[in-house]
Amino acid sequence: MRTSRSAARIRSARIAETVAKSILGTATMIALGIAVFLIGYLAYRGMGYVSWEFLTQAPRKAMTEGGIYPVIVGTVWLTAWTAFFALPFGIMAGIYLAEYSPRNRANRIIRIAIANMAGVPSIVYGLFGVALFVLQMGLGRSIIAGSLTLACMTLPVIITVTEEALRQIPRDLRQASLALGATKLRTIRKVVLPAAAPGIVTGSILALSRAAGETAPILFTAVAFFAPIADSPFDETMALPYHMYIMATSATKPAPQMVWGTAFVLVAGVSLINVVVASWRARQRRKIRW
Amino acid sequence: MVERTQTDGAFELVDVSVSYGNEMAVGGVTMSIPEHAVTALIGPSGCGKSTLLRCLNRMNDELGDVTVDGTILLDGQDIYARTMDPVELRIRVGQVFQKPNPFPMSIYDNVAYGPRTHGLRGKAELDAVVEESLKRAALWNEVKDALKKHAFELSGGQQQRLCIARALATEPEVLLMDEPASALDPISTQQIEDTIAELKESVTIVIVTHNMQQAARISDRTAFMLRESMDRPATLIEIGETRMMFTNPGDKRTEAYITGRFG
Ligand SMILES: Nc1ncnc2c1ncn2[C@@H]1O[C@H](COP(=O)(O)OP(=O)(O)OP(=O)(O)O)[C@@H](O)[C@H]1O
Ligand SMILES: [Mg+2]
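Encoded structure:
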């Protein structure tokens with residue numbers, strides 16, 4: 000009696016296990032399917048238009064012909080300046096929060112506030128950027144003003160990934176270093192940061208690639224319908240996401256190949272960087288495991 | 000090699016109490032730890048062995064809300080005096096932890112970490128310290144051709160001996176070991192015990208262990224601690240020659256613990 004009941008229980012547990020596994024697996028497959036479809040569709044619509052000419056020439060005839068070279072350069076500059084502004088601050092703040100801030104109420108509130116900043120819609124950052132950088136600070140519509148706006152948007156993410164990555168590092172390691180007579184600062188520099196670097200780099204690159212694809216924050220702060228390659232960071236620029244936006248909405252009906260080609264270049268560029276970083280990280284992780 | 004100074008690494012504890020926040024975990028411990036000998040700390044889980052051990056290199060300072068009262072002298076010098084720099088103390092008093100915790104770097108860099116931290120730069124000097132330390136930790140023969148290998152590629156027992164080598168590289172007078180073999184297999188444990196036996200010629204060793212046979216095998220003196228009720232701090236029940244403690248303990252509670260009646 001008892002054995003048969005427990006056999007039944009084992010059987011039903013096994014069925015539950017199988018059902019759970021297939022539901023979870025299906026969810027994963029759906030997510031993967033969406034990603035594959037998105038990239039595949041972009042490639043199908045856009046890849047055919049990506050030629051050497053497309054990548055190296057400026058748009059002509061109201062963007063119905065030519066290429067997107069200055070647009071690519073604009074996005075590279077915007078992203079590079081964003082990294083320049085956001086990375087040092089974000090990483091330093093993340094180190095402070097993970098390593099130095101005492102665990103008290105004030106710091107919990109700071110942490111929640113930062114997490115909240117990451118949830119503010121990007122158009123709000125755009126408006127904030129106009130008010131502060133473009134008008135108040137008089138930077139005008141420029142790469143600098145746009146990058147500062149993008150940096151504000153990216154900063155909370157970089158702070159959070161840095162803090163998380165540092166918290167992953169086992170306490171044992173810190174203690175080993177302190178017990179050898181190293182100061183806290185040296186322990187962080189020589190042991191904790193190197194061990195956390197893969198996580199910090201991966202998270203930061205992801206945050207920056209999101210920034211590279213944003214339209215709203217640069218809409219009023221950096222971009223122009225048409226601009227030559229900027230001579231200085233105080234000039235206006237073109238940028239890939241905005242370029243797509245104006246082409247898709249403009250009254251002059253630009254050639255659809257320009258829109259899809261641009262979209263493909265943006266996604267391919269960002270994906271390439273993410274894949275490189277992810278594989279670098281996988282290699283690091285094989286070396287570093289606790 | 001750095002010249003070994005003739006300070007010896009003998010501790011004198013007078014009425015030492017440790018509190019976490021408002022709660023006193025260890026109370027009124029008075030004992031001496033002689034130089035160049037192995038002193039074992041034994042007692043049931045939670046009786047404050049690790050807590051007491053961490054007082055000796057002031058690692059308790061790193062935990063936050065910890066107060067240490069009483070006096071702890073290392074070769075006559077008060078290690079909690081305001082003039083005592085914990086960094087300097089920890090060069091003299093090294094520690095090996097329960098779980099092997101090598102840094103995520105090469106074997107060589109692990110051992111060189113302490114000396115580099117304290118300003119040793121020359122390649123020849125560093126090479127010499129690394130070799131000497133690995134030899135003293137009985138690991139040299141196994142790794143001498145693979146010093147550039149990542150430390151995580153070593154076995155658990157080898158990693159623990161690497162941690163011992165790393166601690167020895169700063170030439171400490173004292174080595175604190177908190178259950179250094181509890182995560183290891185019997186052969187690795189044997190190797191660690193052999194290493195300890197060799198080391199005590201030159202270093203004072205204080206070791207926490209749950210293994211009575213191990214305490215009996217490797218230590219010269221044994222201290223038995225006990226927390227008799229949760230509303231009172233743990234105390235030192237007795238300390239004495241290991242042989243005496245295991246054959247003819249002075250206290251009933253020691254005898255009960257050693258013969259396995261509690262703990
Ligand atoms: N970081 C800490 N914060 C607060 N209380 C602590 C801390 N570490 C230890 N304690 C308390 O101090 C007492 C002694 O703990 P300790 O770790 O020193 O015991 P132990 O003898 O080393 O035990 P074990 O044999 O299990 O390692 C316990 O009651 C424990 O809860
Ligand atoms: Mg302990």
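Taken in sequence, the protein lines are chains X and B. In terms of numbering that gives the first Met the number 0, the first sequence opens at residue 0 and continues consecutively. In terms of numbering that gives the first Met the number 0, the second sequence opens at residue 0 and continues consecutively. Here a beta-carbon is modelled for each residue, glycine too, at the ideal position from N, C-alpha and C.
{"query": "Cβ pair residue 174 of chain B, residue 166 of chain B closer than 8 Å", "result": "yes"}
{"query": "Neighbour flag for residue 145 of chain X against chain B, beta carbons, 8 Å", "result": "no"}
{"query": "Residue 53 of chain X, enclosing alpha helix (DSSP H) - first and last residue", "result": "51 to 55"}
{"query": "Any non-hydrogen atom of ligand 1 closer than 7 Å to residue 244 of chain X Cβ", "result": "no"}
{"query": "Short CB-CB distance (under 8 Å) between residue 179 of chain B and chain X", "result": "no"}
{"query": "Nearest to residue 223 of chain B (by Cα), restricted to the options B:34, B:51, B:73, B:23", "result": "B:51"}
{"query": "Distance, residue 120 of chain B Cα to residue 27 of chain X Cα", "result": "52 Å"}
{"query": "Distance, residue 188 of chain B Cα to residue 141 of chain B Cα", "result": "16 Å"}
{"query": "Residue 48 of chain B CB to nearest heavy atom of ligand 2 below 7 Å", "result": "yes"}
{"query": "Contact test: residue 132 of chain B Cβ vs ligand 1 heavy atom, cutoff 7 Å", "result": "no"}
{"query": "Euclidean distance between Cα positions of residue 249 of chain B and residue 178 of chain B", "result": "25 Å"}
{"query": "Contact set between residue 94 of chain B and chain X, taken where Cβ atoms lie within less than 7 Å", "result": "178"}
{"query": "Nearest neighbour of residue 255 of chain X, chosen from X:66, X:20, X:77 [CA to CA]", "result": "X:66"}
{"query": "At least 3 beta-carbon pairs within less than 8 Å: the stretch 25 to 44 of chain B vs the stretch 198 to 217 of chain B", "result": "yes"}
{"query": "Rounded C-alpha distance that separates residue 4 of chain B from residue 126 of chain B", "result": "Reliability of the predicted coordinates at residue 4 of chain B is poor, the pLDDT of 49 falling under 50, and no value is obtained from them."}
{"query": "Span separating the alpha-carbon of residue 262 of chain B from that of residue 35 of chain B", "result": "Low per-residue confidence applies at residue 262 of chain B: pLDDT is 46, beneath 50, and the placement is therefore not dependable enough to give any value."}
{"query": "Contact list for residue 200 of chain X against chain B, beta-carbon separation under 7 Å", "result": "Near residue 200 of chain X there are no residues of chain B at all, since even the closest Cβ is about 15 Å away, more than 7 Å."}
{"query": "Interface partners of residue 117 of chain X on chain B, CB under 7 Å", "result": "Chain B residues near residue 117 of chain X: none, gap ~29 Å exceeds 7 Å."}
{"query": "Partner residues on chain X for residue 169 of chain B, Cβ-Cβ distance less than 7 Å", "result": "179, 180"}
{"query": "Proximity to residue 238 of chain X [Cα-Cα], best of X:224, X:231, X:230", "result": "X:224"}
{"query": "Whether residue 193 of chain X touches residue 280 of chain X by CB criterion (8 Å)", "result": "no"}
{"query": "Distance between residue 109 of chain X and residue 116 of chain X (C-alpha atoms, nearest Å)", "result": "11 Å"}
{"query": "is_contact[residue 89 of chain B, chain X] using C-beta, thresh 8 Å", "result": "yes"}
{"query": "contact_flag[the stretch 124 to 133 of chain X, the stretch 151 to 168 of chain X] where n(CB pairs < 8 Å) is 3 or more", "result": "yes"}
{"query": "Residue 45 of chain B beta carbon near ligand 1 (any heavy atom closer than 7 Å)", "result": "yes"}
{"query": "Anticipated Cβ contact below 8 Å, residue 88 of chain B with residue 59 of chain B, distance rounded", "result": "So it is not a contact: roughly 12 Å between Cβ atoms."}
{"query": "Own chain, CB closer than 6 Å to residue 132 of chain B, minus 5 neighbours either side, in chain order", "result": "110, 164, 167, 168"}
{"query": "Contact test: residue 142 of chain B Cβ vs ligand 2 heavy atom, cutoff 7 Å", "result": "no"}
{"query": "With 16 other Cβ atoms within 10 Å as the buried cut-off, status of residue 170 of chain B", "result": "buried"}
{"query": "Any 3 or more C-beta pairs closer than 8 Å across the stretch 68 to 78 of chain B and the stretch 12 to 25 of chain B", "result": "yes"}
{"query": "Cβ shell of residue 254 of chain B (< 7 Å), same chain only, five flanking positions each side left out", "result": "248"}
{"query": "Contact test: residue 207 of chain B Cβ vs ligand 2 heavy atom, cutoff 7 Å", "result": "yes"}
{"query": "Of the residues X:51, X:246, X:269, X:222, the one placed nearest residue 204 of chain X, counting alpha carbons only", "result": "X:269"}
{"query": "Residue ranges of each alpha helix (DSSP H) within the stretch 167 to 225 of chain B, 4 or longer", "result": "185 to 198, 211 to 217"}
{"query": "C-beta contact flag for residue 266 of chain X and residue 41 of chain X at 8 Å", "result": "yes"}
{"query": "Closest Cα partner of residue 48 of chain B within the set B:64, B:62, B:28, B:118", "result": "B:28"}
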